[in-house]
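With UniProt numbering, the residue at position 273 of the sequence shown is 273, and numbering never jumps. Shown next, in structure tokens, is the structure this report addresses.
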Amino acid sequence: MTQRIERLVQSIAESGQQMDAILICSEVNVRYLSGFTGDSTWLLVRPDGKATLLSDRRYETQIADECPTLESAIRPPSQTLVALLAEYLADSSLKTIGFEADHVQVSTLHQWKEQIKSVEWTQTSGLVETLRSIKDADELATIRRAISIAERSFLSVTNKLTPQTTELQIAHELEATMRSLGASGVAFDVIAGAEPNGALPHYHPHDIALADCRTLLIDWGARVDGYCSDLTRTLHKADVRSATSDRFEAAYQAVLESQEAAISAIRDGVEAIEVDRAARQVLQKAGLGDAFKHGLGHSFGLEIHEDPRMGPMSTDVLREGMVLTVEPGVYFEGEFGIRIEDDILVTADGFERLSTLPKGLDDCRLVV
1 MTQRIERLVQ
11 SIAESGQQMD
21 AILICSEVNV
31 RYLSGFTGDS
41 TWLLVRPDGK
51 ATLLSDRRYE
61 TQIADECPTL
71 ESAIRPPSQT
81 LVALLAEYLA
91 DSSLKTIGFE
101 ADHVQVSTLH
111 QWKEQIKSVE
121 WTQTSGLVET
131 LRSIKDADEL
141 ATIRRAISIA
151 ERSFLSVTNK
161 LTPQTTELQI
171 AHELEATMRS
181 LGASGVAFDV
191 IAGAEPNGAL
201 PHYHPHDIAL
211 ADCRTLLIDW
221 GARVDGYCSD
231 LTRTLHKADV
241 RSATSDRFEA
251 AYQAVLESQE
261 AAISAIRDGV
271 EAIEVDRAAR
281 QVLQKAGLGD
291 AFKHGLGHSF
301 GLEIHEDPRM
311 GPMSTDVLRE
321 GMVLTVEPGV
331 YFEGEFGIRI
341 EDDILVTADG
351 FERLSTLPKG
361 LDDCRLVV
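And the structure:
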């Protein structure tokens, strides 16, 4: 973790912001920089790379185990974290301290200003998140495990579907299976939407049986050692030909073509908006542009939604080492939705597919 702290110090220097230290309050960012997996803890980082965890007695042993090279300041139950910070800074020469404006409540900032009058507080934004956007070898290995567990769980659960299986049961079985395979839990609440419910991009499963439903959209992911995976497949029944099935199959093929066009556009240095545009152009050509109601994808890691984002308003540029979802979708209210999502690594000369589940029309049959 020392290397990550050193990278943060270098980023601060390159930003030109003048500060004697930076106080990291985001639990995710504290974990990323220090390796500490608890909560209610801040990390103070100085320009020379010295870092101190400010925490409480519940975590003394855990900090010693997880962060043996870091200094720590531990508060008793009778002291607040703000008071501990004030005490720690009282005899220091730190006069200007940066803070994460995106993660600090206004009330907390007021407390700092009232209790630590010797310090000038200067806001920062995205310094650690920018570092997190490029995954290192250890992070990639963990993400690969999270993807593998998610994929194996999906195959296990979908192979046992019956007409009586409900959306909620699918969500619960996916979580249980992922945990049994080594995940600590789900990366986010599982989405399982049968037929018309699949047209709601962030649908919450209900006690609705598959029964005669002809389509099923499942969006799921595993969390492993803090890191996420994120996948979506849309299953359909191979039933008697009908106008509805013809429409579904045409839309499915368009979404698949849209996703492949976007993936092919991914490379180091490309603008994220260009990748989104590649997907959107395919769907517009198929007459489905208005049915694509969200951005193309996002990065993920310690959080399920991280920067960069790929959408029509994105200003991000893709870089080697970024991990992205590519998830175009089309949604028809009251009928069905289709979304196909894979996890992609940006490489020096293009991309690597991290997820491997088949996604062709014939590969995604709903058998109940």
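In this text, a Cβ means the ideal position worked out from N, Cα and C, and glycines have one as well.
- If the five residues before and after Glu352 are omitted, its C-beta is found closer than 6 angstroms to the C-beta atoms of Leu345, all from its own chain and listed in chain order.
- DSSP places Ile24 inside the beta strand (DSSP E), whose first and last residues are Ala21 to Ile24.
- Annotation: the continuous alpha helix (DSSP H) that includes Tyr32 extends over Glu27 to Ser34.
- Using a 10 angstroms sphere on the CB of Lys285, the tally of other CB atoms stays under 16, which defines it as exposed.
- Only residues of its own chain outside the window of five on either side were considered, and among them Ala187, Phe188, Gly221, Cys228 and Asp230 have a CB closer than 8 angstroms to the CB of Ile304, listed in chain order.
- Following the DSSP letters along the chain, one finds Arg75 inside the beta strand (DSSP E) bounded by residues Glu71 to Arg75.
- Between Ile149 and Gly182, the CB-CB gap stays under 9 angstroms.
- Each of Lys113, Thr96, Trp42 and Glu114 was checked against the Cα of His103, and the nearest Cα belongs to Trp42.
- When only Cα atoms are considered, Cys25 and Glu100 end up about 7 angstroms apart.
- In chain order, Leu89, Leu94, Lys95, Thr96, Ile97 and Trp112 place their CB closer than 8 angstroms to the CB of Val119, counting only its own chain and leaving out the 5 sequence neighbours on each side.
- Val106 has its alpha-carbon roughly 33 angstroms from the corresponding atom of Val224.
- Residue pairing of Val275 in beta bridges, as defined by DSSP: absent, with no partner found.
- In the DSSP assignment, Ile304 falls outside any alpha helix (DSSP H), carrying neither H nor E.
- Around the C-beta of Glu60, fewer than 16 other C-beta atoms lie within 10 Å, and the residue is accordingly described as exposed.
- In the displayed model, Glu167 falls within a helix according to three-state DSSP.
- If you draw a straight line from the Cα of Leu283 to the Cα of Phe292, it comes to about 8 angstroms.
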